[in-house]
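Asker: Numbering (the numbering used here), first residue to last: -13 to 517.
Every residue, glycine too, gets a C-beta built ideally from N, C-alpha and C.
Values in this document were obtained by computation on a predicted structure and should not be read as measured data.
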């Protein structure tokens, strides 16, 4: 394929979408998927809420710890886990006495430290279990989304005419089925995971404002430039990812042609040529992957620098208030804890935005396949073919694969039933095109095609094709048994009918010579057969 043709093919599908179109894509993905898993998503959100709450509570635990350990005049929050008059308290009396002696629990503040320690254990237990539950739920939903999208693409392709495959070559389709279908899952998972990080960040920011609104305002002001940096990175990544998909399609194309045409490759000593094609295509994908990795990684130094600046400013101003103005240090320590905890989900959200827009490129390419409709649908009142003699008539038929470029023009002919009609002409004169039109692989641009006086456009396509036997110049065998390959045209055929068909085709004796007879597996495109 020439470079000019490659560029034409890429330009048919390559459009760099903006933020508005990105939001439309996100909305479509949510509309198509969220309602199918509504209950499970709600459960995942609930678990995410527990995770965020547990993270925020750990900040106030830190304030209590510093208040007790460093002897603050402020009263640490009292936490009671067992009622004083409960049966459990009486039952644990002896153990409590031993524990008191061992760890000096009669020392002022030790009971509070013990309570806080138990609280920390419970908080992290809730956080761990909640994270586990939400991740398992989202992973299962994601795997089901991939399966559904692959089925959807497969069913869509089966319903298309041959014109569809002119617009979407096999290497493009394989790339989109394998890569772009996973992009829909990635978008949903990134959106749902971002919900957890947003929950956590909001809870921690709320805790920060409760502890000190002035310091919180300073921190949020410093983090503002992150938005501008992300916008720049996302725009760059979107352009590169789309090119990466098309280059990946070229890698698949090179492998396809080598595998399918392996005899020709070896016969004409084309190994070196194919190696060069492999190397070039793979090098292009690697180069683009490295550029994407480099751009995506830029969020880390940017976030680290801005995050470090925020922490430094808080430490400086908070230290000034503590040392010069004589304010308590415990609130500052708790605030710094909240800030550092909030920094991680905010950093993940920043990275996730880049990953999300990377996945949206794949989703866009997936929807371009699903939205492309080159199918030939039956009319609402379509009828089955009523065969008689089998006469085929073309009346002033015109057709072209590309607009304004007819392959056949005003062709009229009649093929009588019971007779042999040969279409003779040089390559490209339209012989195969006429056969494709008779089977309704394409619709004529003008004119009429009839079988026994019945317009094929008014017939049920399945009924029409069931009355036509096609012996193609392109042989193709499915990777199944000989018996099942013969049965394909008539799934309910019994063994006697299958053997009768094989005998009529003079294949019965040849089949019996195979290792397992009719149960012999043919391999890919009949690769296990000789000749």
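1) Taking the alpha helix (DSSP H) that residue 167 falls in, what are its first and last residues?
2) Over the uninterrupted alpha helix (DSSP H) stretch that includes residue 425, give me the two end residues.
3) Rank 348, 212 and 324 by C-alpha distance to the C-alpha of residue 333 and give the top, closest one.
4) Can you tell which of 264, 230, 229 and 231 has its C-alpha closest to the C-alpha of residue 245?
5) Just curious, the beta strand (DSSP E) that residue 395 is in, first and last residue?
6) Measuring straight from C-alpha to C-alpha, what distance separates residue 202 and residue 297?
7) Give me the residue from 453, 252 and 470 with the minimum Cα distance to residue 481.
8) Evaluate residue 9 with the Cβ neighbour count: other Cβ atoms within 10 Å of its Cβ, from every protein chain shown; 16 or more gives buried, anything less gives exposed.
9) What residue ranges within the region 216 to 279 form continuous alpha helix (DSSP H) runs of no fewer than 4 residues, ordered along the chain?
10) Select from 138, 222 and 36 the residue whose C-alpha is nearest the C-alpha of residue 111.
11) Who are the Cβ neighbours of residue 353 in its own chain at under 8 angstroms, not counting the five residues just before and after it?
12) Decide if the region 364 to 372 is in contact with the region 398 to 410; the criterion is three or more beta carbon pairs, one per stretch, under 8 angstroms apart.
13) How about residue 259 and residue 336: do their beta carbons lie closer than 7 angstroms?
14) I need the DSSP call for residue 454, collapsed to helix, strand or coil.
15) Residue 153 to residue 261, Cα distance in whole Å?
16) Hey, residue 177 and residue 233 are a contact pair by Cβ (cut 8 angstroms); roughly how many whole angstroms apart?
17) Would you please state the rounded distance, in angstroms, between the beta carbons of residue 435 and residue 371? I believe it to be under 8 angstroms.
18) In this structure, how does DSSP classify residue 467 when only helix, strand and coil are distinguished?
19) Let me confirm a value: residue 279 is counted as buried when at least 16 other C-beta atoms fall within 10 Å, else exposed. Which label applies?
20) Hey, out of 343, 426 and 308, whose CA is closest to residue 446's CA?
21) I need the straight-line Cα distance from residue 301 to residue 30, nearest angstrom please.
22) Is residue 30 helix, strand or coil when you go by DSSP?
23) In whole angstroms, what separates the C-alpha of residue 520 from that of residue 287?
24) Can you confirm whether the region 410 to 417 touches the region 354 to 363 when touching is taken to mean that 3 or more C-beta pairs between the two stretches lie within less than 8 angstroms?
25) Anyone know if the C-beta pair for residue 236 and residue 193 falls short of 7 angstroms?
26) Should residue 1 go down as buried or exposed, given a rule of 16 or more other Cβ atoms within 10 Å for buried?
27) Report the residue from 103, 338, 161 and 188 whose alpha carbon sits nearest the alpha carbon of residue 238.
28) Does the Cβ of residue 33 have 16 or more other Cβ atoms within 10 Å, making it buried, or fewer, making it exposed?
29) If you reduce the DSSP assignment to three classes, tell me which class residue 480 lands in.
30) Leaving out five residues before and five after residue 103 in sequence, what residues of the same chain have Cβ atoms less than 6 angstroms from its Cβ?
31) Can you say whether residue 113 is buried or exposed, counting buried as having 16 or more other CB atoms within 10 angstroms of its CB?
32) When the Cα atoms are used, what is the spatial distance from residue 277 to residue 347?
33) Using 8 angstroms as the Cβ pair cut-off and three pairs as the minimum, do the region 385 to 401 and the region 182 to 192 touch?
34) Ends of the beta strand (DSSP E) at residue 434?
35) CA-CA distance, residue 501 and residue 468?
36) Would you mind reading off the limits of the beta strand (DSSP E) that contains residue 380?
Answerer: In this structure, then:
1) That run of the alpha helix (DSSP H) goes 167 to 197.
2) First-last for residue 425: undefined, no H or E at that position.
3) Minimum Cα distance to residue 333 is reached at 212.
4) Checked all of 264, 230, 229 and 231; the closest Cα to residue 245 is 264.
5) Residue range 394 to 401 is occupied by the beta strand (DSSP E) that includes residue 395.
6) Using only the alpha carbons, I get a separation of about 11 angstroms.
7) The option with the nearest alpha carbon to residue 481 is 470.
8) Residue environment for residue 9: exposed (fewer than 16 other C-beta atoms within 10 angstroms of its C-beta).
9) Whole alpha helix (DSSP H) segments, 4+ residues: 248 to 253.
10) It is 36 whose Cα lies nearest to the Cα of residue 111.
11) Once the five neighbours on either side are set aside, the close Cβ partners of residue 353 are 11 and 14.
12) In short, these stretches do not touch, since the Cβ pair count stays below three.
13) With respect to residue 336, residue 259 sits apart: the two C-beta atoms are not nearer than 7 angstroms.
14) Three-state result, residue 454: coil.
15) Cα to Cα, the separation comes out at about 27 angstroms.
16) About 27 angstroms; that fails the 8 angstroms criterion.
17) In fact, because the Cβ distance is near 12 angstroms, the residues do not count as touching under 8 angstroms.
18) For residue 467, the three-state secondary structure derived from DSSP is strand.
19) So residue 279 ends up on the exposed side.
20) Answer by Cα proximity: 426.
21) Between the C-alpha atoms of residue 301 and residue 30 there is a straight-line separation of about 36 angstroms.
22) In the structure shown, the three-state DSSP call for residue 30 is helix.
23) The question about residue 520 has no answer, for the chain in this structure spans -13 to 517.
24) These segments do not touch.
25) Cβ atoms of residue 236 and residue 193: not closer than 7 angstroms.
26) Low confidence applies to residue 1: its pLDDT is 46, below 50, so where it sits in the model is not reliable enough to give any reading.
27) Of the listed residues, the one whose Cα sits closest to residue 238 is 161.
28) Counting Cβ neighbours within 10 Å, residue 33 comes out buried, since at least 16 surround it.
29) Residue 480 carries a coil assignment under DSSP once its states are collapsed to helix, strand and coil.
30) Correct list: empty, nothing qualifies.
31) Classification for residue 113: buried.
32) Counting only the Cα atoms, residue 347 lies some 16 angstroms from residue 277.
33) The region 385 to 401, when compared against the region 182 to 192, does not touch it at the 8 angstroms Cβ threshold.
34) From DSSP, the beta strand (DSSP E) with residue 434 extends over 432 to 437.
35) Straight-line Cα distance between these residues: approximately 11 angstroms.
36) If you look at residue 380, you'll find it in the beta strand (DSSP E) that goes 378 to 385.
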